[in-house]
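Novice:
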Amino acid sequence: MDTHDQFGLRGTVLRIFAVAGAAALTLTVGQLTPLGPSPQRAEAKDDKQVLTVAVSQSVDSLSPFLASRLVSTSIHRLMYEYLTNYDPKDNHAIPGLATKWEPSADKLTWTYTIRDNSKWSDGKQATAEDAAWTFNTMMTDEGAATANGSFVANFKKVTAPSPTKLVIELKKPQATMAALDVPIVPKHVWEKVDDFSKFNNDKKFPIVGNGPFVLTAYKADSYVRLKPNKSFWRGAPKFDELVFKYYKDGDAAVAALQKGEVSFVSGLTPAQAAALKSQQDVTVNDAPGRRFYALATNPGAQAKNGKKFGDGHESLKNPKVRRALFAAVDRGTVIDKVFQGHAVEGEGYIPPRFSPYFWKPAESRRISYDPAEAARLLDEAGYKKNGDGKRVGKNGKPITYRILCHATDPPDKAVGKYLQEWWGKLGIGVSLDCRDNVSDPWLAGEYDLAFDGWSVNPDPDFVLSIHTCAALPATPKDIGATDNFICDKKYDELYDQQLAEYDATKRAEIVKRMESRLYDTGYMNVMAYPNAVEAYRSDQIASITKMPEAAGNIYGQDGYWSWWSATPAADGESSGGSNQTGVIIGIVAGVVILAGLGAFFAMRRRATAEDRE
Amino acid sequence: MTAEATPSPVGKPVGGRTGSPAPAGPSAARGPRVRGTAYPRYVAGKLGGAAVSLLAVLVTSFFLFRLIPGDPVKFMTGGRQVSAQQLAAYRREFGLDLPLWQQFTDYCGKALTGDLGTSYQFRAPVMDKISEALPNTLLLTGTAFVLYTAIGVVLGTRAAWRHGGLGDRLNTGLALTLYSIPSFWLGLLLIIVFSVGVGPVPGLFPTGGMESGGEEGFAYVLDVAHHLVLPVVTLVAVEYGQTLLVTRSALLDEMGGDYLTTARAKGLRDDLVRRRHAVPNALLPTMTLVFINLGRTVAGVILVETVFSWPGLGGLFYQALSVPDLPLVQGLFFVFAAAVIVMNTLADLIYPLLDPRVGR
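Sequence lines, in order, name chains S and F.
So in UniProt numbering, the last spot in the first sequence is 613, and the numbers never skip.
So in UniProt numbering, the last spot in the second sequence is 360, and the numbers never skip.
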């Protein structure tokens with residue numbers, strides 16, 4: 001027998017693999033133990049204070065002209081100054097790149113004074129010329145208008161007569177000129193871009209900006225790293241680095257927070273929030289949200305040219321039916337059971353955190369949970385029960401409403417089940433139509449009711465505009481900006497009035513009248529204002545500004561307040577005990593592996609010897 | 001036996017024999033010694049088949065995903081005020097204003113030059129997005145593949161050789177149990193135990209991602225290796241059972257063979273009979289599985305990539321489907337299918353080298 005053939009070459013290869021494997025394993029074990037840096041320490045190496053925020057949404061683009069996702073626009077808030085910002089106390093407009101702004105007497109020209117102490121991170125001065133170039137590019141280039149084109153739709157002309165003076169001429173009065181959420185980019189960098197529709201601003205770092213942070217590194221779906229802008233006019237942020245780190249799974253993100261690998265997690269479920277509340281060194285922030293959660297009816301899809309389309313149920317055009325349906329919704333149960341207390345009962349269209357615009361109905365007008373009243377209203381409207389206890393439509397068929405819901409949104413499905421129960425008792429059937437992508441039936445008007453919800457900005461213009469007749473599609477084939485095809489002349493008149501009203505108090509009054517009108521017409525039933533539930537490591541973050549400051553949220557603010565203001569906690573509190581155990585286990589694991597390999601080699605050696613014999 | 005009549009092992013992911021009779025003896029086991037013109041003809045046939053399959057995938061990927069409900073432009077602009085001019089510009093930019101047949105010919109023409117279009121949501125070439133994520137997926141699934149294949153073959157061989165014993169029952173039972181555990185659940189469990197730490201077990205590994213960021217050189221390699229451990233362990237734990245069971249089953253079939261009795265009668269040591277004679281002859285079903293798994297490595301493992309926030313193709317595919325980002329979905333589907341086709345073809349080309357009766 002050729003023992004060399006048997007064990008020679010193959011044995012050598014095996015041994016090489018085994019030794020390499022042992023080395024790799026030992027190395028890995030060494031790396032895994034805190035003999036090497038532990039994850040927490042890794043973040044804090046060189047005594048750097050790193051603020052790590054867990055995110056899940058992919059960056060769609062790092063170009064401010066293209067990005068529309070929340071994570072991207074939030075990062076742009078940190079990289080670039082906007083003309084104005086929002087006060088973290090009460091959301092009113094405050095200076096950003098512009099120190100002051102004023103309209104002309106005819107309300108058609110706005111003049112902004114641009115600050116002289118804002119520099120781009122490459123050392124050049126930020127001027128009115130940069131702002132004018134940004135707006136003009138959006139007005140003239142289709143690609144550059146992708147994300148923020150609506151902000152310049154009413155602009156007639158933008159000029160920069162001097163480095164500190166920006167003049168914007170409008171086609172018609174616009175009260176939202178202190179709420180232009182458009183990142184101003186450096187002209188000397190961006191004028192070299194050939195095609196704005198394809199330039200993603202994600203290849204050359206650091207990215208030149210003038211915000212509180214400078215983006216220094218980005219890897220898709222892995223991390224976004226930002227360093228403080230030491231020359232930021234408002235003062236540099238206090239952490240040495242801000243990192244947005246990707247966690248595609250919410251539970252994994254919570255685990256990372258528990259471990260201390262990340263400093264902040266948002267979008268917690270009630271169960272996650274409950275688990276984290278008992279965790280040492282973790283603070284759960286259950287803040288009033290900026291969203292409303294509503295049930296909307298399809299009042300009959302229509303285009304601006306008067307053409308009707310879609311197949312919304314005819315009965316929903318009757319205000320009594322809409323009122324009856326909403327009177328049969330127990331909003332208290334929705335808050336308690338579906339949101340498990342992490343929401344506030346809905347009333348008016350704009351959440352209470354935007355106090356200047358918050359409106360709620362007087363008690364006498366309030367649509368409370370009252371099934372008997374709902375049944376009476378349906379009887380009155382002519383939709384009576386048949387012999388089987390089902391309400392029948394004008395065509396004699398029992399009514400079953402199709403409710404469009406988001407398949408990925410658990411509250412939609414849960415509320416849908418309750419509606420089946422509540423409306424079922426009224427004799428009305430409910431069919432839940434849950435989809436990943438609800439856009440198509442929604443835009444085609446092919447639904448009866450739909451779960452609806454919007455994040456509201458400090459300036460409510462956008463969420464009000466989506467119910468104007470002007471937001472309807474031009475023809476049934478076009479796409480409008482409408483939410484639910486509502487077109488009400490009285491509402492439109494009020495909308496135009498508020499947009500032309502430059503006095504903040506008077507404008508707020510008109511906005512409240514619009515909300516009142518929306519409530520009375522009954523097309524929308526705001527059921528809840530879901531809270532923003534988030535948590536942070538109090539052993540890493542000593543203090544952080546919420547918005548509103550009194551009891552607001554941290555992630556997704558209108559401004560850069562949270563990350564700019566965050567103050568590091570004194571370090572080294574959380575990982576000591578774990579390190580010791582880790583060292584012991586690491587050493588034991590290494591020894592076990594080496595002992596195992598030793599035994600393996602001994603047995604191989606013996607087998608080889610036997611064969612030789 | 002003709003090539004057509006030979007039951008192709010491809011497409012048989014699990015289980016027993018491939019239909020071939022037991023080899024005559026040890027000398028036949030080592031194969032190949034390819035003969036005459038049969039092998040080139042066999043190769044040409046397989047390559048031709050692969051090319052046709054790739055073409056079919058190209059066509060299918062274009063039309064299949066157009067069945068997904070949803071107008072991409074509507075989705076992209078949903079919730080934003082856009083003018084009719086902007087909408088037209090979008091359609092023009094992505095070629096959606098062209099007739100379907102023209103979109104198809106453009107797509108095929110560009111695909112042949114390696115251009116799979118531009119992603120709607122990322123405004124970047126599909127090939128760029130795939131090239132970004134592909135190495136990450138290959139690192140994860142490739143490492144896991146090597147480990148679970150090796151573990152599966154070794155344990156499967158041992159289980160079969162001592163079948164019915166305690167070791168066999170334990171091995172098979174554990175493999176079946178792990179194989180039936182959902183990978184995302186196991187992943188989460190490993191994160192809780194080995195990342196966060198439970199009781200005396202400290203949190204040794206990162207909770208997710210592929211790197212801490214900011215590391216360079218060897219420190220970067222170690223950092224990635226550190227992040228790699230738990231997702232690889234999850235994949236290996238869930239996947240090795242399949243290889244184990246196939247290897248075990250194939251080897252059990254071989255174990256009654258006369259040539260093994262002959263080998264033993266010649267006085268060869270049992271271990272030698274197993275490794276030199278039985279295992280090589282039982283390798284064909286395992287090889288089939290190995291190549292199928294190799295093809296699958298490109299597709300990544302969506303759930304494991306999600307749980308461990310691994311920036312690979314699986315996560316990208318999920319994102320592309322949810323829009324739907326047609327060019328990205330099509331591109332990924334094509335790459336996934338192409339990987340399987342290439343690996344299956346490779347397996348077909350290698351079989352005659354392992355077993356001379358294939359391709360004769």
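Cβ atoms here follow ideal geometry from the backbone N, Cα and C, with glycine treated the same way.
1) What does the alpha-carbon distance come out to for the pair P356 of chain F and Y39 of chain F?
2) Work out the CA separation of R77 of chain S and L494 of chain S for me, nearest whole Å.
3) Quick test of the definition: if touching needs 3 or more C-beta pairs under 8 Å, does the segment 128-148 of chain S touch the segment 103-110 of chain S?
4) Do A273 of chain S and V533 of chain S come within 8 Å of each other at the CB atom, strictly closer than that value?
5) What in chain S is Cβ-close to P99 of chain F, meaning under 9 Å?
6) State the Cα-Cα distance for the pair V59 of chain S and M79 of chain S, rounded to the nearest angstrom.
7) I'd like the list of long-range same chain contacts for R323 of chain S, defined as Cβ closer than 7 Å, with 5 residues on each side in sequence excluded.
8) With 16 other CB atoms within 10 Å as the buried threshold, where does P410 of chain S fall?
9) Starting from Y223 of chain S, find everything on chain F with Cβ-Cβ shorter than 7 Å and list it in chain order.
10) Can you have a look at W110 of chain S and say buried or exposed, based on whether 16 or more other CB atoms are within 10 angstroms of its CB?
11) For a contact meaning CB atoms closer than 7 Å, what does G258 of chain S contact in chain F?
12) Contact between the segment 357-374 of chain S and the segment 289-303 of chain S: three or more CB pairs below 8 Å?
13) Could you say which of S:H467, S:H313 and S:L449 lies nearest to I403 of chain S if we only look at CA atoms?
14) In whole angstroms, give me the CA-to-CA distance for residue 373 of chain F and K337 of chain S.
15) Comparing alpha-carbon positions, which option in S:P476, S:L97 and S:F358 lies nearest L180 of chain S?
16) What residue does the beta strand (DSSP E) around E241 of chain S start on, and which one ends it?
17) Quick check: the segment 207-216 of chain F against the segment 302-314 of chain F, are there 3 or more CB pairs under 8 Å?
18) Tell me the DSSP secondary structure of A453 of chain S in three-state form.
19) List, in chain order, every chain F residue whose beta-carbon is nearer than 8 Å to that of A128 of chain S.
20) Based on the DSSP secondary-structure assignment, which residues constitute the bridge partners of residue 614 of chain S?
21) Does the beta carbon of S574 of chain S sit closer than 8 Å to a beta carbon anywhere in chain F?
22) Using the rule of at least 16 other Cβ atoms within 10 Å of the residue's Cβ for burial, across every protein chain shown, is E261 of chain S buried or exposed?
23) Where does C487 of chain S fall in DSSP's three states?
24) Can you list, in chain order, the residues of the segment 124-156 of chain S whose Cβ is nearer than 9 Å to any Cβ on chain F?
25) For G586 of chain S, which three-state DSSP category applies?
26) Against chain F, which members of the segment 438-466 of chain S pass a CB distance test of less than 7 Å?
27) Just how far apart, CA to CA, sit L245 of chain F and V298 of chain F?
28) Identify each residue in the segment 215-245 of chain S for which the Cβ-Cβ distance to at least one residue of chain F is less than 8 Å, and report them in chain order.
29) Helix, strand or coil for E129 of chain S? Go by DSSP, reduced to three states.
30) According to DSSP, what are the bridge partners of residue 683 of chain S?
31) Hey, K390 of chain S and G427 of chain S are a contact pair by Cβ (cut 8 Å); roughly how many whole angstroms apart?
32) Evaluate G256 of chain F with the Cβ neighbour count: other Cβ atoms within 10 Å of its Cβ, from every protein chain shown; 16 or more gives buried, anything less gives exposed.
33) Under a three-way DSSP split, which group does F232 of chain S fall into?
34) Following the continuous beta strand (DSSP E) through W101 of chain S, name the residue where it begins and the one where it ends.
35) Indicate the three-state DSSP secondary structure (helix, strand or coil) for I403 of chain S in the structure shown.
36) Quick one: Cα of L499 of chain S to Cα of D90 of chain S, how far?
Specialist: From the atom records:
1) To locate residue 356 of chain F, count along the second sequence from 1; it is residue 356. To locate residue 39 of chain F, count along the second sequence from 1; it is residue 39. P356 of chain F and Y39 of chain F: Cα-Cα distance of roughly 10 Å.
2) Sequence index remark: in the first sequence, residue 494 of chain S carries index 494 (1-based). Sequence index remark: in the first sequence, residue 77 of chain S carries index 77 (1-based). Going by the C-alpha atoms only, they are around 32 Å apart.
3) no
4) Locating residue 533 of chain S in the first sequence gives position 533, where the first residue counts as 1. Locating residue 273 of chain S in the first sequence gives position 273, where the first residue counts as 1. Result yes, Cβ atoms of V533 of chain S and A273 of chain S sit closer than 8 Å.
5) Within the second sequence, the letter at position 99 stands for residue 99 of chain F. Ordered by position in chain S, no residue passes the 9 Å Cβ test against P99 of chain F, which lies about 17 Å from the chain.
6) Position 59 of the first sequence, counted from the first residue, corresponds to residue 59 of chain S. Position 79 of the first sequence, counted from the first residue, corresponds to residue 79 of chain S. Computed Cα separation, rounded: 14 Å.
7) Numbered from its first residue, the first sequence carries residue 323 of chain S at position 323. I367, L377 and G522, listed in sequence order.
8) Taking the first sequence and counting its residues from 1, one reaches residue 410 of chain S at position 410. The residue is exposed, with fewer than 16 neighbouring Cβ atoms inside 10 Å.
9) The residue labelled residue 223 of chain S in the question sits at position 223 within the first sequence. The answer, in chain order, is G213.
10) Working through the first sequence from its first residue, we reach residue 110 of chain S at position 110. W110 of chain S should be labelled buried.
11) Locating residue 258 of chain S in the first sequence gives position 258, counting from the first residue. The question names Gly, but residue 258 of chain S is Gln in the sequence shown. Per Cβ cutoff of 7 Å: V196.
12) no
13) Along the first sequence, one-based indexing puts residue 403 of chain S at 403. Nearest C-alpha to I403 of chain S: S:L449.
14) Here chain F comprises residues numbered 1 to 360, so residue 373 of chain F is not present and cannot be evaluated.
15) For the purposes of this step, residue 180 of chain S is identified with residue 180 of the first sequence, where counting begins at 1. Ranking the options by Cα distance to L180 of chain S, first place goes to S:L97.
16) The count along the first sequence starts at 1 and reaches residue 241 of chain S at position 241. Taken as a continuous stretch (DSSP letters only), the beta strand (DSSP E) holding E241 of chain S covers E241 to Y246.
17) yes
18) Along the first sequence, one-based indexing puts residue 453 of chain S at 453. Note that residue 453 of chain S is Gly in the sequence shown, not Ala. In this structure, G453 of chain S counts as strand in the three-state DSSP scheme.
19) In the first sequence, residue 128 of chain S corresponds to position 128, counting from 1. Chain F residues near A128 of chain S: none, gap ~27 Å exceeds 8 Å.
20) Any question about residue 614 of chain S goes unanswered here, given that chain S covers just 1 to 613.
21) The residue you call residue 574 of chain S lines up with position 574 of the first sequence. Model confidence at S574 of chain S stands at a pLDDT of 36, short of 50, so the residue's coordinates are unreliable and nothing is read from them.
22) Working through the first sequence from its first residue, we reach residue 261 of chain S at position 261. Its Cβ being crowded by 16 or more others within 10 Å, E261 of chain S is buried.
23) Within the first sequence, numbered from 1, the residue matching residue 487 of chain S stands at position 487. In this structure, C487 of chain S counts as coil in the three-state DSSP scheme.
24) E142, G143, A145, T146, A147, G149, S150 and A153
25) Translated into the one-based positions of the first sequence, residue 586 of chain S becomes position 586. With a pLDDT of only 47 at G586 of chain S, under the threshold of 50, the placement of this residue in the model should not be trusted; the figure read from the coordinates follows. In this structure, G586 of chain S counts as helix in the three-state DSSP scheme.
26) S439, D440 and L443
27) Against the second sequence, residue 245 of chain F aligns to sequence position 245. Against the second sequence, residue 298 of chain F aligns to sequence position 298. The alpha-carbon atoms of L245 of chain F and V298 of chain F are separated by roughly 23 Å.
28) A217, K219, A220, D221, S222, Y223, R225, V243 and K245
29) Position 129 of the first sequence holds residue 129 of chain S. Three-state DSSP puts E129 of chain S in a helix.
30) In the structure as shown, chain S begins at 1 and stops at 613. Residue 683 of chain S is therefore absent and cannot be evaluated.
31) For the purposes of this step, residue 390 of chain S is taken as residue 390 along the first sequence, with counting starting at 1. For the purposes of this step, residue 427 of chain S is taken as residue 427 along the first sequence, with counting starting at 1. That belief holds up - the Cβ atoms of K390 of chain S and G427 of chain S are roughly 5 Å apart, short of 8 Å.
32) Along the second sequence, read from residue 1 onward, the residue named residue 256 of chain F stands at position 256. So G256 of chain F counts as exposed.
33) Stepping through the first sequence from its first residue, residue 232 of chain S is reached at position 232. Three-state result, F232 of chain S: coil.
34) Residue 101 of chain S sits at position 101 when you count from the first residue of the first sequence. Residues A98 to P103.
35) One-based indexing of the first sequence puts residue 403 of chain S at position 403. Strand at I403 of chain S.
36) Within the first sequence, numbered from 1, the residue matching residue 499 of chain S stands at position 499. Within the first sequence, numbered from 1, the residue matching residue 90 of chain S stands at position 90. Distance between the alpha carbons of L499 of chain S and D90 of chain S: 21 Å.
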